[in-house]
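The numbering of the sequence shown is numbering that gives the first Met the number 0, which starts it at 0 and goes up by one. The beta-carbon is built from N, C-alpha and C at its ideal position, and this holds for glycine as well.
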Amino acid sequence: MRKLILIFTLLLIGVSTSDAQTNLKPCSTPEFSQFDFWVGQWELTWSDSLHGSNIITKSYNDCVIQEKFDGNPGAKFNGMSLTTYNVRTQK
0 MRKLILIFTL
10 LLIGVSTSDA
20 QTNLKPCSTP
30 EFSQFDFWVG
40 QWELTWSDSL
50 HGSNIITKSY
60 NDCVIQEKFD
70 GNPGAKFNGM
80 SLTTYNVRTQ
90 K
């Protein structure tokens, strides 16, 4: 009976470990976190009267850094960028 309980326990541990490994986020390696310092809300000023805001988020299952820039009405421009790590080129 003890052997049966031991085998059953080991099987459960093995299933739990393999489930945890298959549920990892695809972009959880350190390379995908190189620009995490940039994530957040930023208020920008580049002259006495021109300013804007920048909202940086991680999206697409934390695989992409998304930037949304909104300039004040005097700046007359807005923008968006997407940044990700390319595993194949390692860049």
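Item: Residue of C62, W41, T44 and N71 minimising C-alpha distance to S28; Value: A small fix is needed here, since residue 28 is Thr in this sequence, not Ser. When only C-alpha atoms are compared, the closest one is C62.
Item: Beta-carbon spacing of N71, G51 below 8 angstroms; Value: yes
Item: For G51: DSSP bridge partner residues; Value: L43 and G70
Item: Delimiting residues of the beta strand (DSSP E) encompassing N77; Value: N77 to T82
Item: Under 8 angstroms between C-beta atoms of L81 and Q65; Value: yes
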